[in-house]
Amino acid sequence: MKKLFLIIFIVGICLSIGIYLWQSRTFKTAQIPDVPPNQLQQMIDNGESFYVYFYSPTCEECIKSEPKLIQAVKELTIKNIVKVDVQKFEYLRKDLQIQGTPTLYVYSNHNIIKGITGGLKTVEEYKDFFRETGGTS
1255 MKKLFLIIFI
1265 VGICLSIGIY
1275 LWQSRTFKTA
1285 QIPDVPPNQL
1295 QQMIDNGESF
1305 YVYFYSPTCE
1315 ECIKSEPKLI
1325 QAVKELTIKN
1335 IVKVDVQKFE
1345 YLRKDLQIQG
1355 TPTLYVYSNH
1365 NIIKGITGGL
1375 KTVEEYKDFF
1385 RETGGTS
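Numbering (our numbering) for the sequence shown: 1255 to 1391.
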C-alpha cells in the first residue's frame, strides 16, 4: 500500500513539473517585446506598420487588460507589436499624444491610423480590433 502511495506521489510531482514547464514556455513565447523610445521613433520614421501598446506597470487597468491583449496577440499570431512603459519615459505622453494607459495605437506610414485608450474587457474585443485594423493579414 505504501508503494502505491509513493508511486502516485511521484507521478503527481512529475505531472506538476511538466505542466509548470509547459506553461512557462507558452507564456514566454506570447510576450510583447518592450522597446525604448529611440527604437519606437525609428519604427515610426521608417514608415513601418505596427501596433504599439503603451502601459504603466502601476496602472491597474493595464495589469487587468494585458493578459487579454497577450492572448489575442498569441491566438491571431500578431508579430508586429511592441510595448512601451510610459512611466519610464513620461515625455512620450505629450510627444505621442497618449491620453492615458493602457493605450494601443496602430501606426502605418508615419501616422497613427487608429487607437484605443483604456483596456478592453474581453480577448474577443482585442481580436476584433486587430481584425479591423488589418493585424491578421
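Think of the CB as a built atom: it goes at the ideal place given N, C-alpha and C, for glycine as much as any other residue.
Assign Lys1337 to one of two classes, buried (16 or more other C-beta atoms within 10 Å of its C-beta) or exposed (fewer than that). The count along the sequence shown starts at 1 and reaches residue 1337 at position 83. The residue is buried, with at least 16 neighbouring Cβ atoms inside 10 Å.
Looking at the secondary structure, which residues open and close the alpha helix (DSSP H) in which Asn1292 lies? The residue given as residue 1292 occupies position 38 in the sequence shown. Run containing Asn1292: Pro1291 to Asp1299, per the alpha helix (DSSP H) assignment.
Nearest to Phe1304 by alpha carbon, out of Val1340, Gln1293, Ser1310 and Cys1313? The residue labelled residue 1304 in the question sits at position 50 within the sequence shown. Cα-wise, what sits closest to Phe1304 is Gln1293.
If we count the other Cβ atoms within 10 Å of its Cβ and call it buried at 16 or more, is Phe1384 buried or exposed? The count along the sequence shown starts at 1 and reaches residue 1384 at position 130. Buried, since its Cβ has 16 or more Cβ neighbours within 10 Å.
Cβ separation of Thr1371 and Gly1354, assumed to be a contact under 8 Å, to the nearest whole Å: On the sequence shown, residue 1371 is found 117 positions in, with the first residue counted as 1. On the sequence shown, residue 1354 is found 100 positions in, with the first residue counted as 1. Right, the Cβ-Cβ distance comes to about 5 Å (below 8 Å), so this counts as a contact.
Buried or exposed by the 16-neighbour rule on C-beta atoms within 10 Å, applied to Tyr1307: Residue mapping note: residue 1307 aligns to position 53 of the sequence shown, counting from 1. That one is buried.
For Thr1387, would you say it is in contact with chain C, using Cβ-to-Cβ distances shorter than 9 Å as the test? Among the chains of the structure shown, chain C does not appear; only one protein chain is present.
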